[in-house]
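The opening position of the sequence shown corresponds to residue 1 in UniProt numbering, with each subsequent residue numbered one higher.
In this text, a Cβ means the ideal position worked out from N, Cα and C, and glycines have one as well.
Data block below; observations after.
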Amino acid sequence: MTVILALLCLAIAGRELYLAFDRKQARGPAGPEVAELGRRLTLATEEIAELRRFHADDLNGRAAVRAGDEARLVVAEQRLDVLADEIAGVREHLARRLDLAVAASLGADAPDTVAGALASGDGPARPALTRAFDRLALRHGLRAELTLPPVDAAGDGVWHVRSYLTGRSPRALEAEFIELLGTLNAADAQDPVHDLLALLRDAGPGGAQIGPFLVARTAEEFVAGVLPLAELSRDDADPLADPKDAAARLHRLPAARFRDLPPGPAQDPDIDADTDTEPDLAADPA
Numbered sequence: 001m002t003v004i005l006a007l008l009c010l011a012i013a014g015r016e017l018y019l020a021f022d023r024k025q026a027r028g029p030a031g032p033e034v035a036e037l038g039r040r041l042t043l044a045t046e047e048i049a050e051l052r053r054f055h056a057d058d059l060n061g062r063a064a065v066r067a068g069d070e071a072r073l074v075v076a077e078q079r080l081d082v083l084a085d086e087i088a089g090v091r092e093h094l095a096r097r098l099d100l101a102v103a104a105s106l107g108a109d110a111p112d113t114v115a116g117a118l119a120s121g122d123g124p125a126r127p128a129l130t131r132a133f134d135r136l137a138l139r140h141g142l143r144a145e146l147t148l149p150p151v152d153a154a155g156d157g158v159w160h161v162r163s164y165l166t167g168r169s170p171r172a173l174e175a176e177f178i179e180l181l182g183t184l185n186a187a188d189a190q191d192p193v194h195d196l197l198a199l200l201r202d203a204g205p206g207g208a209q210i211g212p213f214l215v216a217r218t219a220e221e222f223v224a225g226v227l228p229l230a231e232l233s234r235d236d237a238d239p240l241a242d243p244k245d246a247a248a249r250l251h252r253l254p255a256a257r258f259r260d261l262p263p264g265p266a267q268d269p270d271i272d273a274d275t276d277t278e279p280d281l282a283a284d285p286a
């Protein structure tokens, strides 16, 4: 009996040893394979993340290119609109010239033409300045026959527009503007020239020209004058090419042709009179 029990114990122990060895053998060879699978999974995960980053960068790049194309398209459309307006203006000018040629062939006198110009360092103020300039020209019987596109020839940020005005003779304008000089410093004058001067005063360096009438605005001064026709005929250069030169040119004019304009709005004399005659309410009535 004892021998049987001993043999049974040996059999059980041998079985356990066999099973333990078999499990060890099963785990041993699979370990490197599992590690290799883990390494491949890590590489695949990194490749997927890299592909996602590349795809995101590609989408961002395409969006930036598309935004740039759209911005360039907007600029091109704006330039096309400006070009279309200029072509329409040239056609109108040509049509008016042909009408004048027809009238001249029938014996009509050719209309007088004078130079016009407007300049300022304030870009946003250009529409308001242009409207005031046109109103003043119309007030003196002039209309723009042709207006050139604005330019910044000096590269100093001062835009400059030249125009050609028809409707009045230079000599008649010379007499009118000399008379106008006497009202430039008056606060109650209703002439459109005051709107233009107020805008030029606030718009920085620049000026305006309507025939012989010239206004120059610099950082130091604000002046106006009426150039002699003989001087205009001798010198065909643009008077507003340099506002400082224009101001110096005006200073050389006789007193009857020159005005030093106020740097700010003119004070209404009626207000001063009311202030001087107002009773002193704080005084003792006794």
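Short check: CB of residue i to CB of residue j, under 9 Å?
i	j	result
Ile-210	Ala-137	yes
Pro-150	Val-114	no
Leu-200	Phe-222	yes
His-160	Leu-118	yes
Gly-204	Ala-216	no
Arg-252	Val-193	no
Phe-133	Leu-180	no
Leu-261	Leu-240	no
Ala-84	Ile-178	no
Gly-167	Leu-142	yes
Pro-212	Leu-184	no
Arg-91	Glu-145	no
Report the three-state DSSP secondary structure of residue i (helix, strand or coil).
i	result
Asp-242	coil
His-140	coil
Glu-220	coil
Gly-157	coil
Asp-280	Note on Asp-280: pLDDT 45, under 50, position unreliable in the model; no value is reported.
Asp-195	helix
Asp-134	helix
Arg-252	coil
Thr-183	coil
Gly-225	strand
Ala-273	With a pLDDT of 46 at Ala-273, under the threshold of 50, the predicted position of this residue should be treated as unreliable, and no value is reported.
Gly-207	strand
Asp-202	helix
Ala-119	strand
Leu-232	helix
Leu-165	strand
Leu-173	helix
Since residue i and residue j are thought to touch, with beta carbons under 8 Å apart, how far apart are those beta carbons, to the nearest angstrom?
i	j	result
Gly-116	Leu-165	5 Å
Val-82	Gly-121	Not really, about 21 Å apart at Cβ, beyond 8 Å.
Ala-224	Leu-250	7 Å
Arg-162	Asp-58	Not confirmed; about 50 Å, so no contact.
**Request:** Let me know the alpha helix (DSSP H) ranges lying completely inside the stretch 55-109, each 4 residues or longer, listed in chain order.
**Result:** As summarised for the stretch 55-109, there are no continuous alpha helix (DSSP H) elements at least 4 residues long confined to that stretch.
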